[in-house]
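Residue 384 in the numbering used here sits at position 382 of the sequence shown; the count goes up by one each step and never skips.
Glycine included, C-beta positions come from ideal geometry on N, C-alpha and C.
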Amino acid sequence: MLKGLLASAKRPTAAFHVLAALGGSGKTTVALELCKRAESRGFRAWWIVASDSREIVTDMLEVAAELGAPESALDDAREGRGIPSDLVWSYLQASRKWVLVIDNADAPELLGRDQRPVAEGTGWVRPSISGLTVVTSRRTDEEVWGASSRIHALNVLNDVDGAQVLLDLAPTAGSVIEAQALSARLGGMPLALHLAGRHISDPLTGVHTFAAYSRELERRFSALLAEPGSRPHEADRRRTVTTTWDISLDDLNARGYLQVNDVFQVISCFAPATPIPLELLTENIISDQVQLADGTTRRESLEESIRGLRSVGLIDLGSLLAVGEEGLRTLLIHPLVAETTLRKMSVAEFQAVLARAAQSTAVLIGRLRPQEPDTWPLWRAMAPHLGTLLDQTAENKTRATLIDSVNQAAWALCESGDYSIAEDLLRRAIVMGDELGSLHPNVLAAHHCLGGVLREMQRPEDAVIEYREALAGRESVYGLDHVETLATRGNLAGSLWDLGRLEEAEQEYRAVLTARLHVLGASHEATMVAHHNLAGILRSRGQLDDAAREFNIALRAEVDNLGDDHPVTLSTRYSIARVLAEKRESQAAEHAYREVLADRARVLGALHPATFQTRESLAELLAATGRMEEALTEYSTLLSGRTSVLGSLHSETRRTRQAIRDLTGRRYLFQRLRRR
C-alpha cells in the first residue's frame with residue numbers, strides 16, 4: 003500500500019485516498035510512514051488532525067501560509083471575509099510535490115463546506131493533480147467520500163507478520179511460534195500488537211515473554227491492553243484497545259443511531275471470526291427499554307444500526323450463503339473487538355445480552371423448516387454460534403431456550419448429512435443441561451435427538467444408550483403412554499433392530515403399537531407408522547405372513563386418512579410388494595411393483611430416489627425369474643436416471659452399473675449353455 007501511495011504522490015491523479023478501517027488497525031501508522039518516506043524524497047508533508055472544526059481551519063491556513071499566502075488573505079479568511087478552504091486549495095493546486103494527511107476524520111461533516119457533504123469536493127478534501135491527499139478515517143462507506151475518493155481498507159495482520167511486529171519490539175521474549183500464537187490471540191490487530199510488544203519489553207512490568215503475556219491476558223485483559231500511563235483524553239482513548247472502539251460507538255450515537263449499542267453487544271456474543279448470518283439478527287435483539295424514533299419499526303432500527311456499524315468498520319460483510327436465488331449475507335466482527343466489548347459488561351449485563359441473542363436465534367429457527375434443503379447452509383452457518391452462546395450462558399431460562407434451538411438445529415444438520423456437527427452441538431447441550439436437571443424436557447429431547455444422529459452415523463450401540471436415557475426420563479416425566487415417550491421407545495426399537503437384536507426390537511414395537519392404538523387411535527399417522535415398523539421387523543425375522551398382515555392394516559388406514567397417492571401410502575405398498583417377492587409370489591409381486599413404480603413416477607417424479615428404489619426391486623425380481631432382457635431394460639433406465647441425478651461415481655450408480663455387468667455375464671453364460 004505504501005508503495006502505491008508513494009507512486010500516487012509522484013504521479014498524482016484527480017483523486018484523494020482514504021485509509022479506512024476500525025480503530026487500532028494502523029491507519030495513522032501507515033500515514034506517518036508515508037509522510038516520513040515522502041519527506042525523504044523531497045516532498046513537503048503536512049499533518050492535519052480532523053477532530054475539531056476550528057483547529058482544522060487554523061492548521062489548514064498555516065499550510066496556505068507556508069505556500070506563500072499573504073497575511074491579508076489569511077486574515078480575511080479567519081474573519082469570514084473569504085472562504086478558507088478555497089484559499090488553501092488555490093495555493094495547493096498551484097504547488098507541486100506535496101503530501102497532505104488529514105488524520106482521524108471520523109466526522110466527515112467537519113470537512114465539508116458550509117455543512118455540505120465532503121463528497122462534493124468543495125471543502126477541505128478535494129481531488130488534485132498537484133499533490134497527494136490522504137485521509138484516515140473509521141468511516142468506510144463510499145457514499146460519504148464520493149466518486150473522487152480511492153478507499154483503501156486496512157486488514158489485520160496475519161500470524162506471521164503479527165509475530166514479526168512482536169519480535170521487533172521484544173526480540174528476546176520467546177520463539178517465533180510463541181509470537182505467532184500471541185498474534186493470533188490478539189487477532190492480528192496492529193494497535194494490540196504494539197501495546198503487547200511495548201508491555202513485554204518494559205523492564206518494570208514483570209511480564210517479559212509472549213507466553214506469560216498470553217496467560218496474563220485471561221486475568222488482566224483491560225489493564226494489559228491499555229497504553230502505559232494513559233489518561234482519559236481523546237488522543238489517549240485512540241491509543242488504547244479497550245476504549246478506541248468506544249469512539250466509533252459514540253460517533254454513531256451522536257449521529258442518531260440510538261439502538262446501535264444493543265445491536266453491537268449482541269453481535270459480539272456470537273462466535274468470533276466466524277460469519278454471522280444476517281438472518282440471526284432479528285428485531286428481538288433490541289431491548290424493550292430502547293426508545294425508537296417516531297414511525298420507525300424495530301426491524302428498520304436494526305437495519306440502520308447494522309449499516310452504521312459497518313460504516314465505521316466495527317463489522318464487515320462476510321461471505322454469501324447459498325440460500326435461495328440471491329443468497330444470504332453474513333457479517334464478521336473482529337475477535338478482539340468482540341472480546342473487548344464483552345469484557346466491559348457486568349455479569350448481569352452480559353447475561354441479559356446473551357438472552358436477547360438466544361431469543362433472536364430461537365425466532366429465526368421458528369421460521370425455518372429443518373427438512374427443506376434450501377435452508378441447510380443457513381443451519382450449518384448457525385451451528386458455531388449456537389455452540390458459543392451455549393458455552394457462555396449462565397441463566398437457566400436462556401439455557402433452556404438454547405438447548406431447544408440446538409435440538410431443532412441438530413434435526414436439520416442430520417437431514418443435511420452434517421452428523422459430526424450435530425453430535426458435537428447436542429453433547430455440549432447435554433453438558434450445559436446439567437444445570438437444568440437431567441429430567442428437564444429440553445435435555446431429554448437432546449438425548450433423543452442425539453440417539454437419532456448416532457443411528458444415522460451407523461453407531462447403534464451408542465444410539466441405544468441415548469435412547470434409554472431419554473426413555474427413562476420421559477417415562478418418569480410424561481408417563482408410559484405419552485407421545486414423546488412412545489416416539490423414543492419406537493426409535494429405541496429401531497436401534498435394537500440395527501444391532502440385530504430382533505426379538506427385543508419386536509417387543510418394543512409391539513408395546514408402541516398397543517399404546518398408540520389406545521391413546522391415538524387406529525387412524526392416527528403415528529399409529530400407521532407403528533404398524534409399518536412392526537411389519538418391518540416381522541419381515542426381517544422371516545415371519546412374512548404376519549408382516550403382510552401388519553402392512554395391510556397400515557395400508558388401509560393410510561388410504562382412508564392420507565389418500566392413495568400420499569408418499570407414506572406408496573411406501574407401504576412398496577413394502578407389501580417386497581414381502582410378496584420374498585414369499586416367492588413372483589407374479590403378484592411383479593404386478594405390485596409395476597403399479598407402485600407407475601404411481602411413484604407420477605407423484606414423485608421419474609428421478610426421485612423412491613422411484614429409483616422401486617425400479618431396482620422390479621429389475622431384481624425380473625432377473626431372479628430368468629427374464630434377462632426385461633431386467634436389463636429396467637436396469638438401463640435406472641442407470642441413466644441415477645447417472646443424471648447422482649453422478650457416475652455415486653455408490654448407487656456404481657452398484658447399478660455392476661448389476662448390468664453381472665446380468666450381461668449371466669445372459670451370455672445362459673445363451674452358451676442353451677446352444678450346447
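Which residue wins for smallest C-alpha separation from GLU471, given the options PRO443, MET459 and ASP483? Considering only PRO443, MET459 and ASP483, the residue with the shortest C-alpha distance to GLU471 is PRO443.
Assuming ALA383 and VAL408 form a contact by the criterion Cβ under 8 Å, report the distance between their Cβ atoms to the nearest whole angstrom. Not confirmed; about 15 Å, so no contact.
Figure out for me which residue from ILE467, ARG586, ARG301 and SER653 has the closest Cα to the Cα of GLY496. ILE467
What does HIS154 pair with, by DSSP beta-bridge criteria? HIS154 is bridged to LEU21.
For the alpha helix (DSSP H) that contains ALA448, what are its first and last residues? DSSP places ALA448 in the uninterrupted alpha helix (DSSP H) bounded by 443–458.
Would you tell me roughly how many angstroms separate the C-alpha atoms of LEU564 and ARG604, rounded to the nearest one? 17 Å
Segment contact, 8 Å Cβ cut-off, at least three pairs: the stretch 182–199 with the stretch 331–340: yes
Whole-angstrom distance between GLU584 and ALA625, CA atom to CA atom: 14 Å
For the beta strand (DSSP E) containing ALA47, name the first residue and the last one. Here the beta strand (DSSP E) through ALA47 covers 46–51.
Out of curiosity, what's the CA-to-CA distance linking ARG679 and PHE272? No answer is possible for residue 679: the residues shown for the chain start at 3 and end at 678.
Rounded to whole angstroms, what's the CA-CA distance from ASP567 to ALA594? Just pull it up for me. 15 Å
Rounded separation between ALA96 and TRP48 - CA only: 16 Å
Using beta-carbon positions only, say whether GLU458 and CYS416 come within less than 7 Å of one another. yes
Starting from VAL101 and walking both ways along the beta strand (DSSP E), at which residues does that stretch end? 100–105
Whose CA, out of GLY258, LEU311, ARG257 and ILE249, lies closest to the CA of VAL265? LEU311
Confirm, please, whether the CB-CB distance from SER542 to LEU498 is below 7 Å. The Cβ-Cβ distance between LEU498 and SER542 does not fall below 7 Å.
Relative to the C-alpha of GLY667, which candidate in GLY643, GLN182, HIS652 and LEU634 has its C-alpha closest? LEU634
Identify whether ILE85 lies in helix, strand or coil by the three-state DSSP scheme. coil
Exposure of GLU236, with buried meaning 16 or more beta-carbon neighbours within 10 Å: Its pLDDT being 47, under 50, GLU236 is placed unreliably by the model, and nothing is read from it.
In the DSSP assignment, what are the bridge partners of THR278? Note that residue 278 is Ile in the sequence shown here, rather than Thr. Answer is LEU333, bridged to ILE278.
How many angstroms separate the CA atom of LYS12 from the CA atom of THR377? 52 Å
Helix, strand or coil for LEU206, going by three-state DSSP, please let me know. coil
Pick from THR284, ILE278, VAL349 and MET347 that is closest to LEU319, judged by C-alpha positions: ILE278
Looking at the unbroken alpha helix (DSSP H) that takes in SER185, where does it start and where does it end? 178–187
How about LEU388: is its C-beta nearer than 7 Å to some C-beta of chain C? The question asks about chain C, but that chain is absent: this structure has only one protein chain.
Would you call the stretch 170–185 and the stretch 139–156 in contact, with 3 or more CB pairs under 8 Å? Counting C-beta pairs closer than 8 Å gives fewer than three between the stretch 170–185 and the stretch 139–156, which falls short of the contact rule.
So if DSSP puts SER130 in a beta bridge, which residue, or which two residues, is it bridged to? ALA16 and ALA17
For LEU94, does the three-state DSSP call read helix, strand or coil? Three-state result, LEU94: helix.
Simplified DSSP assignment, three categories, for VAL136: strand
Neighbourhood of THR529 by C-beta distance below 8 Å, restricted to the same chain and skipping five residues each side: LEU515, ARG518, LEU519, LEU522, GLY523 and ALA559
Measure how close the beta-carbons of LEU134 and SER10 come, nearest whole angstrom, since I'm counting them as under 8 Å. 5 Å
Does DSSP put ASP161 in a helix, a strand or coil? helix
On the criterion of 16 or more Cβ atoms from any shown chain inside 10 Å, does SER27 qualify as buried, or is it exposed? buried
Give every residue of the same chain whose Cβ lies closer than 6 Å to the Cβ of LEU169, excluding the five residues on either side of it in the sequence, and list them in chain order. Only ALA181 meet the Cβ criterion.
From the DSSP output, in three-state form, read off LEU323 for me. Of the three classes helix, strand and coil, the one that applies to LEU323 here is strand, per DSSP.
Under a three-way DSSP split, which group does ASP78 fall into? helix
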